[in-house]
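Trainee: There's a structure below that I have some questions on.
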Amino acid sequence: MNGCLHAYLLREVIMKCRMCGQEFPSVHYFQTSRTCTSCYRSLSPGEQKKVQKEDAPDLSHADARPVSIDGKDLVCPFCGNDTFWARQTLMNTRGLTFAGLEWANREADNYICNRCGYVYWFFRVQP
Ligand SMILES: [Zn+2]
Ligand SMILES: [Zn+2]
Numbered sequence: 237m238n239g240c241l242h243a244y245l246l247r248e249v250i251m252k253c254r255m256c257g258q259e260f261p262s263v264h265y266f267q268t269s270r271t272c273t274s275c276y277r278s279l280s281p282g283e284q285k286k287v288q289k290e291d292a293p294d295l296s297h298a299d300a301r302p303v304s305i306d307g308k309d310l311v312c313p314f315c316g317n318d319t320f321w322a323r324q325t326l327m328n329t330r331g332l333t334f335a336g337l338e339w340a341n342r343e344a345d346n347y348i349c350n351r352c353g354y355v356y357w358f359f360r361v362q363p
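Just add 236 to wherever you are in the sequence shown, counting from 1, and you've got our numbering.
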């Protein structure tokens with residue numbers, strides 16, 4: 237996921253304003269990811285809001301939902317958002333020694349913040 241975001245940012249660095257079509261050498265000239273500062277300033281406050289929303293990189297995930305663990309609602313510690321999407325990650329312990337532990341190659345639950353991408357990890361040994 238990080239890789240994708242990085243590629244996205246790199247691609248956006250050499251860019252054209254989507255409103256006036258002018259090319260700029262860096263994001264410094266841009267107010268949002270796709271609209272240059274001078275175009276942005278010529279807009280009404282209502283239009284500026286719309287442009288901000290349209291140009292925001294989309295980190296959101298269709299399956300995002302509120303999550304609760306043992307009756308406690310999950311809240312992102314970074315941005316305060318409360319919707320997350322889930323994935324599972326195999327805990328591969330090959331090459332490590334966990335003497336007496338039965339948890340090698342089990343899955344951990346990840347909950348990923350739908351706003352900022354913060355990742356929670358939960359690893360629980362089944363009873
Ligand atoms: Zn422009
Ligand atoms: Zn967050």
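Every residue, glycine too, gets a C-beta built ideally from N, C-alpha and C.
Could you give the first and the last residue of the continuous beta strand (DSSP E) run that contains C349?
Mentor: Numbered from its first residue, the sequence shown carries residue 349 at position 113. Counting along the chain, the beta strand (DSSP E) containing C349 begins and ends at 342 to 349.
Trainee: Do F358 and I305 have their beta-carbon atoms positioned less than 8 Å apart in this structure?
Mentor: The sequence position of residue 305 within the sequence shown is 69, counting from 1. The sequence position of residue 358 within the sequence shown is 122, counting from 1. Against a cut-off of 8 Å, the Cβ pair of F358 and I305 comes out as a contact.
Trainee: Give me whichever residues DSSP pairs with S304 in a beta bridge.
Mentor: Stepping through the sequence shown from its first residue, residue 304 is reached at position 68. According to DSSP, S304 bridges with D309.
Trainee: Can you give me the Cβ contacts of R323 inside the same chain, cut-off strictly under 6 Å, excluding the 5 residues immediately before and after it?
Mentor: Working through the sequence shown from its first residue, we reach residue 323 at position 87. If we look at R323 and ignore the five residues flanking it on each side, its Cβ neighbours are N346.
Trainee: What I want to know is whether the C-beta of N317 ends up closer than 7 Å to one or more non-hydrogen atoms of ligand 3.
Mentor: Looking at this structure, you won't find ligand 3 anywhere; what it does contain is ligand 1 and ligand 2.
Trainee: Could you check where the alpha helix (DSSP H) with Y276 kicks off and where it finishes?
Mentor: Residue 276 sits at position 40 when you count from the first residue of the sequence shown. First-last of the alpha helix (DSSP H) with Y276: 273 to 277.
Trainee: For the alpha helix (DSSP H) that V287 lies in, which residues bound it at each end?
Mentor: Locating residue 287 in the sequence shown gives position 51, where the first residue counts as 1. Where V287 is concerned, the enclosing alpha helix (DSSP H) stretches over 281 to 291.
Trainee: Buried or exposed: where does Q258 fall if 16 or more other Cβ atoms within 10 Å of its Cβ makes it buried?
Mentor: Walking along the sequence shown from the start, residue 258 turns up at place 22. Per the 10 Å Cβ criterion, exposed.
Trainee: Might you give, ordered along the chain, the residues of its own chain that have their beta carbon closer than 8 Å to the beta carbon of V311, omitting 5 neighbours on each side?
Mentor: Translated into the one-based positions of the sequence shown, residue 311 becomes position 75. Counting only Cβ-Cβ distances below 8 Å, and skipping sequence neighbours, we find N317, D318.
Trainee: Return the chain-ordered list of same chain residues with a C-beta closer than 8 Å to the C-beta of T273, the five sequence neighbours on each side being excluded.
Mentor: Against the sequence shown, residue 273 aligns to sequence position 37. Excluding sequence neighbours, T273 sits near Y265, F266, Q267.
Trainee: With H, G and I counted as helix, E and B as strand and the rest as coil, what does DSSP make of Y356?
Mentor: Translated into positions along the sequence shown, residue 356 becomes position 120. Three-state DSSP puts Y356 in a strand.
Trainee: Is S269 near ligand 1 - that is, is its Cβ less than 7 Å away from at least one heavy atom of it?
Mentor: Counted from its first residue, the sequence shown places residue 269 at position 33. S269 Cβ: outside cutoff for every heavy atom of ligand 1.
Trainee: Secondary structure at N238, three-state DSSP: helix, strand or coil?
Mentor: Residue 238 sits at position 2 when you count from the first residue of the sequence shown. Model confidence at N238 stands at a pLDDT of 46, short of 50, so the residue's coordinates are unreliable; what they give is reported in the following sentence. N238 falls in the helix class under three-state DSSP.
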